[in-house]
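Below: the structure, in structure tokens.
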Amino acid sequence: MRRRDLITLIGGAAALPLAARAQRPKKFPLIGVLVSASPPHPFADAFWRGLHALGYSDGENIKVEFRYTDGRSDRAEEYAEELVRLSPDVIVAHYALAVSAAMRATRTIPIVMAPHGAPLQLGIIDSLARPGGKVTGLSGMDAEIGGKRVELLRELIPNLRSIAALAATPTNPYSGPFVEDLRLGVTRAGLRFEPILIGGPSEFRSAFATMAKAEAQAVIVMPFFDPHRVILVELAAKHRLAYMSGSRDATAAGGLVSMAANFPELYERAAFYVDKILKGAKPADLPVEQPTKF
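Numbering (the numbering used here), first residue to last: 38 to 331.
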């Protein structure tokens, strides 16, 4: 081999590590997202809208890993631990099931509630103004408007005497506050209350049969079950129950009325908290926001 060729070969080999280093992808902030539902879900689109408005783009200056629990507590635990192993900078947790699973999976990674229906009642935060721990974000206030829901049903249904509630079993941490808030509202109105707690969709038919047997005239459904709104509205109609939930989509599917926060706005607002935390803010110092419109 000629000397010139040898020098060229050695020089080219020496340049390879430099080229390889130049081509390595940049390290972007990693966001883990745990969704308490099945895909497709409006959370993802709304959250991305919020990120894009703040100048973030997937693969350019941020990386987002989504995990969907299908509403199952075992998957929430599994996927929360899986996300933690990825060492994300922030975990965004959609609804109470995901928030609780994320809190059990890590003591150090900041968590953004997106949203949680009862963070104060369940001791997730110290106060709205000063959350005081690794968790901040948005409160959906869904466990604080039971009285208003009952009042609305009384206006719409003449001679209303009995209201049922459809909630998840106690493995879902939000079930307790949701049911008790409704119980208080129904009791104050002097009506009869029929709470039904179930483990999942396989119990929908028996749950509505139980409500009908108890002569309930209306049912208020926990937001956790909204992905199943079509079959739930059909079952309510079959058993002559007025259907109320926190979903406008359920009303479009034939439900009587909905009352809740504008959840897509809350999902989008979660990006604000992610941005603040990535820029150095501590969750303990970021006030929890509540919805202003229902």
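Yeah, the Cβ is synthetic: ideal placement off N, Cα and C, and Gly gets one too.
Following the DSSP letters along the chain, one finds Leu175 in no alpha helix (DSSP H) but inside the beta strand (DSSP E) bounded by residues 172-176.
Between Ala138 and Ala113, the beta carbon gap of about 4 Å places them in contact (Cβ cut-off 8 Å).
Here Val127 is buried. Its C-beta has 16 or more other C-beta atoms within 10 Å. Put simply, of Pro320, Pro264, Pro232 the residue whose alpha carbon is nearest the alpha carbon of Thr247 is Pro232. The beta carbon of Gln158 lies closer than 7 Å to those of Ala180, Pro214 in the same chain, with the five residues before and after it left out. Selection Gly183, Ala205, Lys250, Thr145 evaluated against Ser295 yields Gly183 as nearest (Cα-Cα).
One thing to note: Leu234 has its Cβ no nearer than 7 Å to the Cβ of Ile200.
Under DSSP, Glu102 forms a beta bridge with Gly69. In the assembly as shown, His89 is an exposed residue. Its beta-carbon has fewer than 16 other beta-carbons within 10 Å. The C-alpha of Glu271 lies about 41 Å from the C-alpha of Asp312.
The Cβ atoms of Thr173 and Leu323 lie closer than 7 Å to each other. Excluding the 5 residues flanking it on each side, Arg198 has same chain C-beta neighbours closer than 7 Å at Leu228, Arg229, Gln254, in chain order. Excluding its 5 nearest sequence neighbours in each direction, Ala135 has C-beta neighbours in its own chain below 8 Å: Leu71, Val72, Ser73, Thr106, Ala113, Ala117, listed in chain order.
Per DSSP, the unbroken beta strand (DSSP E) holding Tyr280 starts and ends at 279-282.
Only residues of its own chain outside the window of five on either side were considered, and among them Val270, Ala274 have a CB closer than 7 Å to the CB of Gly291, listed in chain order. DSSP, read as helix, strand or coil, puts Leu203 in strand. Nearest to Phe103 by C-alpha distance, out of Glu97, Pro79, Pro264, Pro238, is Pro79.
Assigned with DSSP and collapsed to three states, Ser94 falls in coil, not helix or strand. Val129 sits in a strand when the DSSP states are folded into three classes.
Taking each of Arg86, Asp111, Ser124 in turn and checking the Cα distance to Arg306, the smallest one comes out for Arg86.
Comparing C-alpha distances from Ile148 to each of Gly154, Ile162, Lys171 shows the shortest one belongs to Lys171. Counting every other CB atom within 10 Å of its CB across the protein chains shown gives Ser164 a total below 16, marking it as exposed. In the structure shown, Met140 adopts helical secondary structure according to DSSP, grouped into three states.
Per DSSP, reduced to three states, the secondary structure at Glu231 is strand. In this structure, DSSP gives Glu119 a helical state, which the three-state scheme calls helix.
Secondary-structure assignment with DSSP links His78 through no beta bridge to anything. Note that the C-beta distance between Val256 and Leu221 is not below 7 Å. Less than 7 Å divides the Cβ of Leu120 from the Cβ of Gly69. Taking a contact as a CB-CB distance under 8 Å, the pair Ala298 and Pro328 counts as one, their CB atoms being some 3 Å apart.
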